[in-house]
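**Student:** One structure, pasted below without further comment.
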Amino acid sequence: MLLKLEKMAGHNLTEKIPNEAVDIQEVEKVKNTASVLHASRFSWRNIIVLIYLHISSLYGLYLAFTAAKWETLVYVFALYVIGRFGVTAGIHRYWSHRSYKANSALRALLMFCCVLSFEGKVFIWARDHRVHHKYQETEADPHNIRKGFWYAHVGWLLQKKNPIVVEKGKGINISDLTNDKLLMFQNKHFWPLAILICFIPPTFIPMYFWG
Numbered sequence: 001m002l003l004k005l006e007k008m009a010g011h012n013l014t015e016k017i018p019n020e021a022v023d024i025q026e027v028e029k030v031k032n033t034a035s036v037l038h039a040s041r042f043s044w045r046n047i048i049v050l051i052y053l054h055i056s057s058l059y060g061l062y063l064a065f066t067a068a069k070w071e072t073l074v075y076v077f078a079l080y081v082i083g084r085f086g087v088t089a090g091i092h093r094y095w096s097h098r099s100y101k102a103n104s105a106l107r108a109l110l111m112f113c114c115v116l117s118f119e120g121k122v123f124i125w126a127r128d129h130r131v132h133h134k135y136q137e138t139e140a141d142p143h144n145i146r147k148g149f150w151y152a153h154v155g156w157l158l159q160k161k162n163p164i165v166v167e168k169g170k171g172i173n174i175s176d177l178t179n180d181k182l183l184m185f186q187n188k189h190f191w192p193l194a195i196l197i198c199f200i201p202p203t204f205i206p207m208y209f210w211g
């Protein structure tokens, strides 16, 4: 896989995140900030979306055992693999960490996979992930493990973003993200792209090709 990426991206496989000095005193100050600065505020939009997605998933699981054809099961599994590739190789390793270089064709492929995963706007995902690494286990960490396993994995999605996370997110260097035209296009047109790629084809392809 690494060799394939190298051939597509060029011999220099590493792309750099903009240099940013880490202020140890600043991180320690944030680490010692009391959590009471952020009152628990539910994000009802996220809660409703997650409830819908989980109910739909349970219904889909029921249909998988009672009505779905084997072609549909293979198709769904393939979509899952492609979507996860978009998250791991695209959002995480490329846009968040710049672990390798990617040419236009590879970046377009990665973005397609990212949209298919329905993980949200890549720009926000990558920015918040950089904040997470810079301020991990502090109040500025979007999914602070010090608040418990549940919060770190699920709870943070159910709340409006901690104001400290928002504040620190504005202070990190994300010029490589804001200068990425493909990234900004997906950020601006998230919902049309999601409907066009993530919802319409997975629904109608099985219906049209194998009933």
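Numbering (UniProt numbering), first residue to last: 1 to 211.
Each residue gets a CB set at the ideal place from its N, CA and C atoms; glycine is no exception.
(1) Considering only C-alpha positions, which residue in the set F118, I82, V87 and Y135 is nearest to I195?
(2) Determine the closest residue to P163 out of G155, L63 and A140, with distance taken between C-alpha atoms.
(3) Pick out the complete alpha helix (DSSP H) segments inside the segment 59-97, 4 residues or longer, and give them in chain order.
(4) Since S96 and A126 are thought to touch, with beta carbons under 8 angstroms apart, how far apart are those beta carbons, to the nearest angstrom?
(5) Can you give the beta carbon distance from L157 to N46, rounded, assuming they're within the 8 angstroms contact cut?
(6) What's the call for T66, buried or exposed, on a 16-neighbour Cβ count within 10 Å?
(7) Indicate the three-state DSSP secondary structure (helix, strand or coil) for W118 in the structure shown.
(8) I think G148 touches C114, with their Cβ atoms under 8 angstroms apart; what is that distance to the nearest whole Å?
(9) What first and last residue would you give for the alpha helix (DSSP H) that runs through L182?
(10) V36 by DSSP, collapsed to three states: which one?
(11) Whose C-alpha, out of I205, S104, A78 and Y52, is nearest the C-alpha of D180?
(12) Since P206 is in the alpha helix (DSSP H), which residue starts that stretch and which ends it?
(13) Is it a yes or a no for the segment 67-81 touching the segment 167-181, going by three-plus beta-carbon pairs under 8 angstroms?
(14) Which residue comes first and which comes last in the alpha helix (DSSP H) that contains F149?
(15) For P206 and E71, which I take to be in contact (beta-carbon distance under 8 angstroms), what is that distance rounded to the nearest angstrom?
(16) If you measure between the beta carbons of K121 and Q186, is that distance less than 9 angstroms?
(17) Cα separation between S43 and R146?
**Tutor:** Walking through what the data contain:
(1) Ranked by Cα distance from I195, the first of F118, I82, V87 and Y135 is F118.
(2) Here the closest residue by C-alpha is A140.
(3) Positions of the alpha helix (DSSP H) runs, each at least 4 residues long and wholly inside the segment 59-97, are given as 70-85 in order along the chain.
(4) Confirmed, Cβ separation roughly 4 angstroms.
(5) Cβ-Cβ separation between L157 and N46: approximately 5 angstroms, consistent with a contact (criterion under 8 angstroms).
(6) Its Cβ having fewer than 16 others within 10 Å, T66 is exposed.
(7) First, the amino acid is wrong: residue 118 is Phe here, not Trp. Annotated three-state conformation of F118 is coil, per DSSP.
(8) Their Cβ separation, rounded to whole angstroms, is 29 angstroms, which puts G148 and C114 out of contact at 8 angstroms.
(9) Segment K181 to K188, the alpha helix (DSSP H) holding L182.
(10) Only weak support exists for where V36 lies, its pLDDT of 46 falling under 50; the value from the coordinates is given anyway. V36 sits in a helix when the DSSP states are folded into three classes.
(11) Comparing Cα positions, the closest option is S104.
(12) Counting along the chain, the unbroken alpha helix (DSSP H) around P206 starts and ends at I200 to W210.
(13) In short, these stretches do not touch, since the Cβ pair count stays below three.
(14) Unbroken alpha helix (DSSP H) run through F149: F149 to H153.
(15) Going by Cβ atoms, the distance from P206 to E71 rounds to 7 angstroms, so yes, they are a contact pair.
(16) Yes, they are a contact pair.
(17) Distance from the CA atom of S43 to the CA atom of R146, rounded to whole angstroms, is 21 angstroms.
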